[in-house]
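Before any comments, here is the structure.
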Amino acid sequence: MRRRSACLAGLATIVAGPASFSGQVLAQGTPSGTSPPGGASSPAGRLWFDPTQLPSFTGVVDRYLLNPDGKTDRLLFREGPQVIFPDNMAAEMMSAVPVGRSIVVYGIRARRAPVITMLAWAVDGSAPAHFVERPTWTFPVFHAADEALEASGTVRAPLLTAQGDQIGVILDGGVVIRVPLAAATALGDRLAVGKTVAATGRGASLPERGKALDAERIGEAPEKLEPLPAGRPQ
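Numbering (mature numbering (1 follows the signal peptide of the UniProt record, and there is no 0)), first residue to last: -27 to -1, 1 to 207.
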């Protein structure tokens, strides 16, 4: 095996943690000395390092997920982990890698949760990488659309920030229910995988794409909704 850059290998070990979630989501190193495609004027050429030297995560796209603003900014692997990316990349990704196809994601995994911040992606391990110019590192700003929505179902996965904090749930049907971090902390196990959750709030829905909402009321069933708990300030 060719030697990787020691600096980036150290970064991958310290920041990303284990690069494998399940038998089908695997880390694949890229040899040092591999130049980013596109030249100095491309997004890849302007980076001071090559993101494809970071851990890679390969999985099958189970679905692309809306946020309450009506934009797509994450995907869910069939194998479980979720991937966060800037919403301006969604159209290209969904065209190149439709649901049911595998994708290679280069990025950083949160220490304590199966969520990956995308730095680059490719349709397979031999294809050129598409680089992320402005990765989504920061805590999301809540700007929900103005459609009144309701949702209920069984929790398939927690909705996570890039740092691995829970800010809602992803239901079995792909519906996203988002809550403030303090409320998610206060709700605790009521948002756990396998639990039944119902909510009403404002958000967005798109034909054949599902819906996402910022919850204003939440409970275990539509007839048992309550205002969000305030929780402790974060």
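Just so you know, even glycine gets a beta-carbon here, dropped at the ideal spot from N, CA and C.
>> Using only CA atoms, which one of H116, R129 and P108 lies nearest to A188?
In response: In the sequence shown, counting from the first residue as 1, residue 188 sits at position 215. Among H116, R129 and P108, the Cα nearest to that of A188 belongs to H116.
>> Would L164 and V148 be called neighbours here (beta carbons separated by less than 7 Å)?
In response: Here the question's residue 164 lines up with position 191 in the sequence shown. Here the question's residue 148 lines up with position 175 in the sequence shown. Result no, Cβ atoms of L164 and V148 do not sit closer than 7 Å.
> Hey, is the region 85 to 103 in contact with the region 50 to 57, meaning 3+ C-beta pairs nearer than 8 Å?
Replying inline: The region 85 to 103 makes contact with the region 50 to 57, as at least three CB pairs between them are under 8 Å.
> Could you give the C-beta distance for A185 and T169, rounded to a whole number, given that I count them as a contact under 8 Å?
Replying inline: Residue mapping note: residue 185 aligns to position 212 of the sequence shown, counting from 1. Residue mapping note: residue 169 aligns to position 196 of the sequence shown, counting from 1. That belief does not hold up - the Cβ atoms of A185 and T169 are roughly 18 Å apart, past 8 Å.
> Distance, Cα to Cα, A124 vs A171?
Replying inline: In the sequence shown, the residue the question calls residue 124 occupies position 151. In the sequence shown, the residue the question calls residue 171 occupies position 198. Near 6 Å, if we compare the C-alpha coordinates of A171 and A124.
>> Give me, in chain order, the residues of the same chain whose beta-carbon lies closer than 6 Å to that of P24; leave out the 5 immediate sequence neighbours on both sides.
In response: Taking the first residue of the sequence shown as 1, we reach residue 24 at position 51. Around P24: Y79, L92 and A93.
>> Here's a check: name, in chain order, each residue in its chain whose Cβ is nearer than 8 Å to the Cβ of D35, leaving out the five neighbours to either side.
In response: In the sequence shown, the residue the question calls residue 35 occupies position 62. If we look at D35 and ignore the five residues flanking it on each side, its Cβ neighbours are L48, L49, F50, R51 and V72.
> Where in the region 58 to 125 do unbroken runs of the beta strand (DSSP E), each at least 3 residues long, occur, reported from the N-terminal end onward?
Replying inline: 75 to 82 and 88 to 95
>> Check for me: the alpha helix (DSSP H) holding T169 runs from which residue to which?
In response: Start at 1 with the first residue of the sequence shown, and residue 169 comes out as number 196. Careful: T169 lies outside any alpha helix (DSSP H), inside the beta strand (DSSP E) at T169 to L179.
>> Taking the straight line between their C-alpha atoms, what separation do you get for A100 and R182?
In response: For the purposes of this step, residue 100 is identified with residue 127 of the sequence shown, where counting begins at 1. For the purposes of this step, residue 182 is identified with residue 209 of the sequence shown, where counting begins at 1. Taking the straight line from one Cα to the other gives about 27 Å.
> Roughly how many angstroms lie between the CA atoms of L201 and G174, to the nearest whole one?
Replying inline: Against the sequence shown, residue 201 aligns to sequence position 228. Against the sequence shown, residue 174 aligns to sequence position 201. In a straight line, the C-alpha of L201 is about 11 Å away from that of G174.
>> Quick check: does the Cβ of P195 come within less than 6 Å of any heavy atom belonging to the ligand SAH?
In response: The ligand content of the structure shown is nil, which means the ligand SAH is not present either.
> Which residues bound the beta strand (DSSP E) around residue 210?
Replying inline: Outside the displayed range of the chain (-27 to 207) lies residue 210, so it cannot be described from this structure.
> Which class does D162 belong to by DSSP, given the choice of helix, strand or coil?
Replying inline: Position 189 of the sequence shown, counting from 1, holds the residue named residue 162. DSSP places D162 in helix when its eight states are reduced to three.
> In its own chain, which residues sit with a C-beta less than 6 Å from the C-beta of A95, not counting the 5 before and 5 after it?
Replying inline: As a working note, residue 95 is residue 122 in the sequence shown. Same-chain partners within the cutoff: V77 and A102.
> Taking just the CA atoms, how far does L154 sit from A135?
Replying inline: Walking along the sequence shown from the start, residue 135 turns up at place 162. Walking along the sequence shown from the start, residue 154 turns up at place 181. Approximately 13 Å, taken between the alpha carbons.
>> Using a 10 Å radius around the Cβ and a threshold of 16 neighbouring Cβ atoms, would you call N40 buried or exposed?
In response: For the purposes of this step, residue 40 is taken as the residue at position 67 of the sequence shown. Looking at its Cβ environment, which holds 16 or more other Cβ atoms inside 10 Å, N40 is buried.
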